[in-house]
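Novice: Okay, so the sequence shown: first residue is 28 according to our numbering, each after it adds one. Cβ atoms here follow ideal geometry from the backbone N, Cα and C, with glycine treated the same way. Below is a structure I'd like to ask you about.
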Amino acid sequence: MGTDAFDVLVLVGRPASGKSEIIDFLVNTPPDIRRRKLHVAELDVLDDFPMLWAWFEEDRILSERLKQPRLHTDADGYFKYPHLWHLLIERLSLEYHKRLRDDPLYHEHTTVLVEFSRGSGYGGYAEAFAHLADDLLHRAAAIYVHVSFEESLRKNRRRFNPDRPDSILEHGLSDEKLALLYRDDDWDAFSAGDPEFLTVQGIRVPYAVFENEDDVTTGKPDLLGERLEEVLGPLWELRQTQYMRSSNPKGLSAPGCV
(Lines of atoms letter the chains of each structure in order from A and count residues from 1; the text may use other names and numbers.)
(Lines give C-alpha, C1' and ligand atoms only; values in the text may rest on other atoms or scores of the structure.)
Protein backbone atom coordinates (compact mmCIF):
# COMPACT_ATOMS: atom_id res chain seq x y z
CA MET A 1 0.00 0.00 0.00
CA GLY A 2 1.27 3.46 -0.89
CA THR A 3 2.00 5.92 1.89
CA ASP A 4 -0.29 8.66 0.59
CA ALA A 5 -2.46 7.20 -2.21
CA PHE A 6 -4.92 4.36 -2.76
CA ASP A 7 -3.70 1.29 -4.62
CA VAL A 8 -7.15 0.33 -5.94
CA LEU A 9 -10.46 2.20 -6.04
CA VAL A 10 -13.58 0.35 -7.17
CA LEU A 11 -16.12 2.90 -8.44
CA VAL A 12 -19.69 1.66 -8.89
CA GLY A 13 -23.19 3.07 -9.28
CA ARG A 14 -26.10 3.19 -11.69
CA PRO A 15 -25.49 4.23 -15.33
CA ALA A 16 -25.18 8.03 -15.68
CA SER A 17 -24.81 8.40 -11.90
CA GLY A 18 -21.68 10.49 -12.39
CA LYS A 19 -18.91 7.89 -12.36
CA SER A 20 -17.41 8.89 -15.71
CA GLU A 21 -17.50 12.56 -14.72
CA ILE A 22 -15.68 11.75 -11.48
CA ILE A 23 -13.00 9.93 -13.46
CA ASP A 24 -12.73 12.83 -15.90
CA PHE A 25 -12.31 15.25 -12.98
CA LEU A 26 -9.57 13.09 -11.44
CA VAL A 27 -7.73 12.77 -14.75
CA ASN A 28 -7.77 16.54 -15.22
CA THR A 29 -6.77 17.48 -11.67
CA PRO A 30 -3.06 18.43 -11.37
CA PRO A 31 -1.18 15.35 -10.12
CA ASP A 32 0.24 16.98 -6.99
CA ILE A 33 -3.18 18.28 -5.90
CA ARG A 34 -4.88 15.00 -6.77
CA ARG A 35 -2.44 13.04 -4.64
CA ARG A 36 -2.37 15.47 -1.71
CA LYS A 37 -6.10 16.19 -1.47
CA LEU A 38 -7.70 13.06 -2.91
CA HIS A 39 -5.05 10.36 -2.29
CA VAL A 40 -5.08 9.33 -5.93
CA ALA A 41 -1.73 8.78 -7.67
CA GLU A 42 -1.15 8.44 -11.42
CA LEU A 43 -4.52 7.16 -12.60
CA ASP A 44 -5.09 3.95 -14.57
CA VAL A 45 -8.76 3.25 -15.36
CA LEU A 46 -10.17 -0.24 -15.93
CA ASP A 47 -13.75 0.09 -17.19
CA ASP A 48 -15.89 -2.78 -18.46
CA PHE A 49 -17.80 -0.57 -20.92
CA PRO A 50 -15.17 -0.69 -23.73
CA MET A 51 -15.13 -4.48 -23.43
CA LEU A 52 -18.92 -4.60 -23.54
CA TRP A 53 -19.08 -2.27 -26.54
CA ALA A 54 -16.54 -4.41 -28.40
CA TRP A 55 -18.91 -7.37 -27.96
CA PHE A 56 -21.77 -5.34 -29.45
CA GLU A 57 -19.62 -4.39 -32.43
CA GLU A 58 -18.42 -7.96 -32.96
CA ASP A 59 -21.97 -9.29 -32.86
CA ARG A 60 -23.12 -6.69 -35.36
CA ILE A 61 -20.28 -7.62 -37.73
CA LEU A 62 -21.00 -11.33 -37.31
CA SER A 63 -24.71 -10.90 -37.93
CA GLU A 64 -24.80 -8.23 -40.63
CA ARG A 65 -21.54 -8.67 -42.51
CA LEU A 66 -20.55 -12.29 -42.07
CA LYS A 67 -24.06 -13.77 -41.71
CA GLN A 68 -22.95 -15.78 -38.70
CA PRO A 69 -24.55 -16.33 -35.27
CA ARG A 70 -24.04 -13.63 -32.69
CA LEU A 71 -21.65 -14.62 -29.88
CA HIS A 72 -22.61 -12.43 -26.95
CA THR A 73 -25.91 -10.62 -27.42
CA ASP A 74 -29.28 -11.04 -29.08
CA ALA A 75 -30.65 -8.71 -31.74
CA ASP A 76 -31.99 -6.37 -29.04
CA GLY A 77 -28.60 -6.04 -27.35
CA TYR A 78 -29.27 -8.22 -24.30
CA PHE A 79 -26.73 -10.81 -23.17
CA LYS A 80 -27.43 -14.31 -24.47
CA TYR A 81 -26.00 -15.84 -21.28
CA PRO A 82 -26.10 -14.44 -17.71
CA HIS A 83 -22.53 -15.53 -16.99
CA LEU A 84 -21.25 -12.89 -19.43
CA TRP A 85 -21.87 -10.28 -16.71
CA HIS A 86 -19.34 -12.14 -14.56
CA LEU A 87 -16.94 -12.61 -17.45
CA LEU A 88 -16.60 -8.83 -17.72
CA ILE A 89 -15.51 -8.61 -14.08
CA GLU A 90 -13.08 -11.49 -14.52
CA ARG A 91 -11.63 -9.61 -17.49
CA LEU A 92 -11.08 -6.52 -15.33
CA SER A 93 -9.12 -8.65 -12.86
CA LEU A 94 -7.12 -10.13 -15.73
CA GLU A 95 -6.19 -6.66 -16.99
CA TYR A 96 -5.13 -5.71 -13.47
CA HIS A 97 -2.86 -8.75 -13.24
CA LYS A 98 -1.23 -7.82 -16.54
CA ARG A 99 -0.33 -4.44 -15.06
CA LEU A 100 1.29 -6.08 -12.04
CA ARG A 101 3.14 -8.55 -14.25
CA ASP A 102 4.57 -5.85 -16.49
CA ASP A 103 5.48 -3.41 -13.71
CA PRO A 104 6.43 -4.87 -10.30
CA LEU A 105 6.48 -1.30 -8.91
CA TYR A 106 3.05 -0.48 -10.35
CA HIS A 107 1.45 0.65 -7.11
CA GLU A 108 4.39 2.80 -6.11
CA HIS A 109 3.21 5.33 -8.68
CA THR A 110 -0.30 4.29 -9.77
CA THR A 111 -3.84 4.12 -8.42
CA VAL A 112 -5.95 1.79 -10.52
CA LEU A 113 -9.64 2.68 -10.70
CA VAL A 114 -12.00 -0.19 -11.54
CA GLU A 115 -15.40 1.01 -12.76
CA PHE A 116 -18.67 -0.80 -13.52
CA SER A 117 -22.45 -0.70 -13.00
CA ARG A 118 -24.73 -3.54 -11.97
CA GLY A 119 -28.43 -3.89 -11.33
CA SER A 120 -29.90 -6.39 -8.90
CA GLY A 121 -30.36 -9.03 -11.60
CA TYR A 122 -27.81 -11.79 -12.18
CA GLY A 123 -26.38 -11.43 -8.68
CA GLY A 124 -25.93 -7.66 -8.61
CA TYR A 125 -22.97 -6.10 -6.84
CA ALA A 126 -22.64 -8.99 -4.40
CA GLU A 127 -21.91 -11.39 -7.25
CA ALA A 128 -19.85 -8.90 -9.26
CA PHE A 129 -17.49 -8.12 -6.37
CA ALA A 130 -17.07 -11.85 -5.76
CA HIS A 131 -15.56 -12.14 -9.25
CA LEU A 132 -12.87 -9.55 -8.55
CA ALA A 133 -9.51 -11.17 -7.81
CA ASP A 134 -8.60 -11.61 -4.15
CA ASP A 135 -5.33 -9.70 -4.45
CA LEU A 136 -7.20 -6.77 -6.00
CA LEU A 137 -9.78 -6.82 -3.20
CA HIS A 138 -7.09 -6.89 -0.51
CA ARG A 139 -5.75 -3.59 -1.90
CA ALA A 140 -9.12 -2.01 -2.66
CA ALA A 141 -11.45 0.62 -1.31
CA ALA A 142 -14.89 1.07 -2.89
CA ILE A 143 -17.05 4.08 -3.72
CA TYR A 144 -20.74 3.80 -4.54
CA VAL A 145 -22.16 6.80 -6.40
CA HIS A 146 -25.72 7.06 -5.15
CA VAL A 147 -28.51 8.41 -7.32
CA SER A 148 -32.14 7.33 -7.61
CA PHE A 149 -33.29 5.44 -10.67
CA GLU A 150 -35.19 8.55 -11.77
CA GLU A 151 -32.01 10.64 -11.70
CA SER A 152 -30.12 7.92 -13.56
CA LEU A 153 -32.84 7.92 -16.21
CA ARG A 154 -32.80 11.72 -16.55
CA LYS A 155 -29.04 11.93 -16.98
CA ASN A 156 -28.90 8.89 -19.25
CA ARG A 157 -31.33 10.60 -21.63
CA ARG A 158 -29.42 13.88 -21.47
CA ARG A 159 -25.94 12.54 -22.08
CA PHE A 160 -26.67 10.14 -24.95
CA ASN A 161 -25.09 11.16 -28.25
CA PRO A 162 -26.28 8.86 -31.07
CA ASP A 163 -23.26 9.86 -33.14
CA ARG A 164 -20.88 8.57 -30.45
CA PRO A 165 -22.54 5.55 -28.84
CA ASP A 166 -19.13 4.11 -27.94
CA SER A 167 -18.06 7.22 -25.99
CA ILE A 168 -17.35 6.85 -22.27
CA LEU A 169 -19.01 10.20 -21.53
CA GLU A 170 -21.78 10.11 -24.15
CA HIS A 171 -23.07 6.54 -24.34
CA GLY A 172 -26.54 5.66 -23.14
CA LEU A 173 -29.22 3.00 -22.87
CA SER A 174 -32.81 2.95 -24.03
CA ASP A 175 -35.33 3.76 -21.30
CA GLU A 176 -36.64 0.20 -21.52
CA LYS A 177 -33.23 -1.40 -21.10
CA LEU A 178 -32.22 0.96 -18.28
CA ALA A 179 -35.42 0.13 -16.39
CA LEU A 180 -35.10 -3.61 -16.94
CA LEU A 181 -31.45 -3.84 -15.92
CA TYR A 182 -30.92 -1.02 -13.43
CA ARG A 183 -34.22 0.12 -11.87
CA ASP A 184 -33.27 -1.90 -8.80
CA ASP A 185 -29.80 -2.49 -7.47
CA ASP A 186 -28.61 -4.45 -4.44
CA TRP A 187 -26.14 -1.96 -2.95
CA ASP A 188 -28.17 -1.35 0.22
CA ALA A 189 -28.48 -5.08 0.87
CA PHE A 190 -24.86 -5.72 -0.10
CA SER A 191 -23.52 -3.07 2.30
CA ALA A 192 -26.09 -3.56 5.08
CA GLY A 193 -23.85 -5.64 7.31
CA ASP A 194 -21.38 -2.87 8.16
CA PRO A 195 -21.38 0.94 7.68
CA GLU A 196 -17.67 0.96 6.79
CA PHE A 197 -16.71 -2.39 5.25
CA LEU A 198 -18.03 -4.72 2.57
CA THR A 199 -17.30 -8.40 3.11
CA VAL A 200 -16.39 -10.19 -0.11
CA GLN A 201 -15.18 -13.78 -0.01
CA GLY A 202 -14.08 -13.17 3.57
CA ILE A 203 -12.14 -10.03 2.60
CA ARG A 204 -13.09 -6.73 4.23
CA VAL A 205 -13.18 -3.85 1.73
CA PRO A 206 -13.62 -0.31 3.11
CA TYR A 207 -16.26 1.72 1.31
CA ALA A 208 -17.90 5.13 1.14
CA VAL A 209 -21.01 6.51 -0.54
CA PHE A 210 -20.78 9.52 -2.85
CA GLU A 211 -24.20 11.18 -2.77
CA ASN A 212 -25.00 12.68 -6.17
CA GLU A 213 -28.75 13.16 -6.33
CA ASP A 214 -27.99 16.90 -6.56
CA ASP A 215 -25.71 16.22 -9.57
CA VAL A 216 -22.50 17.95 -8.52
CA THR A 217 -20.77 16.02 -11.31
CA THR A 218 -22.33 18.14 -14.07
CA GLY A 219 -20.85 21.60 -14.57
CA LYS A 220 -19.94 22.14 -10.90
CA PRO A 221 -16.20 21.41 -10.65
CA ASP A 222 -15.71 23.26 -7.35
CA LEU A 223 -18.54 21.37 -5.66
CA LEU A 224 -17.38 18.10 -7.20
CA GLY A 225 -13.86 18.63 -5.87
CA GLU A 226 -15.17 19.45 -2.40
CA ARG A 227 -17.38 16.39 -2.29
CA LEU A 228 -14.61 14.12 -3.49
CA GLU A 229 -12.44 15.41 -0.64
CA GLU A 230 -15.29 14.79 1.81
CA VAL A 231 -15.65 11.20 0.57
CA LEU A 232 -12.07 10.20 -0.15
CA GLY A 233 -10.50 11.78 2.95
CA PRO A 234 -12.35 9.61 5.50
CA LEU A 235 -12.13 6.60 3.18
CA TRP A 236 -8.35 7.02 3.05
CA GLU A 237 -8.17 7.19 6.85
CA LEU A 238 -10.29 4.05 7.09
CA ARG A 239 -8.06 2.23 4.60
CA GLN A 240 -4.92 3.30 6.46
CA THR A 241 -6.32 2.14 9.78
CA GLN A 242 -7.24 -1.22 8.26
CA TYR A 243 -3.76 -1.58 6.76
CA MET A 244 -2.03 -0.76 10.04
CA ARG A 245 -4.14 -3.28 11.93
CA SER A 246 -3.46 -6.00 9.38
CA SER A 247 0.28 -5.23 9.54
CA ASN A 248 0.21 -5.42 13.34
CA PRO A 249 -2.62 -7.86 14.12
CA LYS A 250 -1.73 -8.24 17.82
CA GLY A 251 -1.65 -4.49 18.41
CA LEU A 252 1.96 -4.59 19.58
CA SER A 253 3.79 -1.32 20.09
CA ALA A 254 6.88 -0.66 18.04
CA PRO A 255 10.21 -0.79 19.95
CA GLY A 256 10.61 2.33 22.06
CA CYS A 257 6.89 3.13 21.91
CA VAL A 258 4.50 3.09 24.83
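Since I believe Val141 is in contact with Leu73 (beta carbons under 8 Å), could you give me their beta-carbon distance rounded to a whole number of angstroms?
Specialist: As a working note, residue 73 is residue 46 in the sequence shown. As a working note, residue 141 is residue 114 in the sequence shown. Contact flag correct, Cβ pair sits at about 5 Å.
Novice: By Cβ distance below 7 Å, which residues in the same chain neighbour Ala68 in space, the five residues on each side in sequence not counted?
Specialist: Taking the sequence shown and counting its residues from 1, the one referred to as residue 68 is at position 41. The residues are Gly29, Ala32, Arg62, His136, Thr137, Thr138.
Novice: Taking the beta strand (DSSP E) that Glu69 belongs to, which residues open and close that run?
Specialist: Sequence index remark: in the sequence shown, residue 69 carries index 42 (1-based). Counting along the chain, the beta strand (DSSP E) containing Glu69 begins and ends at 69-74.
Novice: Once the 5 residues before and after Glu48 are set aside, which same chain residues still bring their CB inside 7 Å of it?
Specialist: As a first step, residue 48 is located in the sequence shown; it is residue number 21 there, counting from the start. Taken in chain order, the residues that qualify are Thr244, Thr245.
Novice: With Trp239 and His165 assumed to form a contact (beta carbons below 8 Å), what rounded beta-carbon distance in angstroms separates them?
Specialist: Looking up residue 239 in the sequence shown gives position 212. Looking up residue 165 in the sequence shown gives position 138. The amino acid at residue 239 is misidentified as Trp; the sequence shows Asn. Not a contact, Cβ separation roughly 28 Å.
Novice: What is the DSSP secondary structure of His25, counted as helix, strand or coil?
Specialist: In the structure displayed, the chain extends from 28 to 285; residue 25 sits before or after that span and is not available.
Novice: Counting pairs of Cβ atoms below 8 Å between the segment 115-122 and the segment 90-106, do you hit three or more?
Specialist: These segments do not touch.
Novice: Pop quiz: Ile230 and Leu38 are said to be a contact at Cβ under 8 Å. What is the actual Cβ separation, rounded to whole angstroms?
Specialist: Indexing the sequence shown from 1 puts residue 230 at position 203. Indexing the sequence shown from 1 puts residue 38 at position 11. Contact flag wrong, Cβ pair sits at about 18 Å.
Novice: Residues in its own chain within less than 8 Å of Leu115 by CB, not counting five upstream and five downstream?
Specialist: The residue you call residue 115 lines up with position 88 of the sequence shown. Excluding sequence neighbours, Leu115 sits near Asp75, Met78, Leu79, Phe143.
Novice: Taking Cβ to Cβ, would you say Val227 is nearer than 8 Å to Ala160?
Specialist: Numbered from its first residue, the sequence shown carries residue 227 at position 200. Numbered from its first residue, the sequence shown carries residue 160 at position 133. No, they are not a contact pair.
Novice: Who are Pro233's beta bridge partners in DSSP?
Specialist: Here residue 233 corresponds to residue number 206 of the sequence shown, with the count starting at 1. Answer is Phe224.
Novice: Determine which residues share a DSSP beta bridge with Glu238 and list them.
Specialist: Taking the first residue of the sequence shown as position 1, residue 238 is located at position 211. According to DSSP, which records beta bridges pairwise, Glu238 is partnered with His173.
Novice: When you compare each of Asp212, Gly150, Arg185 to Asp202 by their alpha carbons, which one comes out closest?
Specialist: Mapped onto the sequence shown, residue 202 falls at position 175. Taking only the C-alpha atoms, the option nearest Asp202 is Arg185.
Novice: How long is the line joining the alpha carbons of Ala216 and Leu180, rounded to whole angstroms?
Specialist: Here residue 216 refers to the residue found at position 189 of the sequence shown. Here residue 180 refers to the residue found at position 153 of the sequence shown. If you take the alpha carbons of Ala216 and Leu180, they lie about 22 Å apart.
Novice: Note down, in chain order, each residue of its chain lying with its Cβ closer than 8 Å to the Cβ of Asp106, except the 5 sequence neighbours on either side.
Specialist: As a working mapping, residue 106 is identified with position 79 in the sequence shown. A small fix is needed here, since residue 106 is Phe in this sequence, not Asp. If we look at Phe106 and ignore the five residues flanking it on each side, its Cβ neighbours are His99, Thr100, Trp112.
Novice: Helix, strand or coil for Ile195, going by three-state DSSP, please let me know.
Specialist: Here residue 195 refers to the residue found at position 168 of the sequence shown. Because the pLDDT of Ile195 is 49, which lies under 50, any placement of that residue in the model is unreliable, and the question is left without a value.
Novice: State the start and end residues of the unbroken alpha helix (DSSP H) segment that holds Gly151.
Specialist: Within the sequence shown, residue 151 is the residue found at index 124, counting from 1. Note, Gly151: alpha helix (DSSP H), 151-157.
Novice: So the beta strand (DSSP E) Glu142 belongs to, where does it begin and stop?
Specialist: Numbered from its first residue, the sequence shown carries residue 142 at position 115. From DSSP, the beta strand (DSSP E) with Glu142 extends over 137-143.
Novice: Distance check for Pro131 and Pro222, CA to CA, integer angstroms please.
Specialist: Start at 1 with the first residue of the sequence shown, and residue 222 comes out as number 195. Start at 1 with the first residue of the sequence shown, and residue 131 comes out as number 104. So the alpha carbons of these two residues sit roughly 34 Å apart.
Novice: Pull the bridge partners of Gly40 from the DSSP assignment, please.
Specialist: Counted from its first residue, the sequence shown places residue 40 at position 13. In DSSP, Gly40 forms a bridge with Val172.
Novice: Using a Cβ-Cβ distance cut-off of 8 Å, determine whether Leu250 contacts chain C.
Specialist: Annotation note: the requested chain C is absent from the structure, which comprises a single protein chain.
Novice: Taking Asn302 as the reference, give the member of Ala168, Ala206, Asp162 with the closest Cα.
Specialist: Since the displayed the chain opens at 28 and closes at 285, residue 302 lies outside it and no answer follows.
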